[in-house]
Amino acid sequence: MKGIGLAVSVLAAAVLLGSPALAAKRSARHSTVSCKQIRDAIASGKSADDVAKDMKVSSARVKNCTAPPAKHHRKGTSKTS
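The sequence shown maps to residues 1 to 81 in my numbering.
Printed below as a string of structure tokens:
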């Protein structure tokens, strides 16, 4: 009787650990693309859509990596004449 309960517990743990949701999280964590790689691909002549598709990243990620850096302005530092 104890052997059957143990077998069921091991089977349940194997199902939970091998679920597709966890596998997707593992592969997503493992395949990161840096902004430098995205900028290099754009510089080589690929379109933003092609880069997103080839590197399996979102178009928002490509846009974020290729956008010029925002200029930061401090309050009260503007010169007035």
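For every residue, glycine included, the Cβ atom is placed at its ideal position computed from N, Cα and C. All values derive from a computational prediction rather than experimental measurement.
| query | Taking the continuous alpha helix (DSSP H) assigned at lysine 53, which residues delimit it? | reply | Position 53 of the sequence shown holds residue 53. Residues 48 to 55.
| In three-state terms, what does DSSP make of threonine 32? | Here residue 32 refers to the residue found at position 32 of the sequence shown. The answer is coil: DSSP assigns threonine 32 none of H, G, I, E or B.
| Around the C-beta of cysteine 128, are 16 or more other C-beta atoms found within 10 angstroms, so that it is buried, or is it exposed? | Examination of residue 128 is not possible in this model, given that the chain is present from 1 through 81 alone.
| task | Throw me the rounded Cβ distance for the aspartate 49 and serine 59 pair, which I believe falls under 8 angstroms. | result | Position 49 of the sequence shown holds residue 49. Position 59 of the sequence shown holds residue 59. The Cβ separation is near 7 angstroms, so the contact holds.
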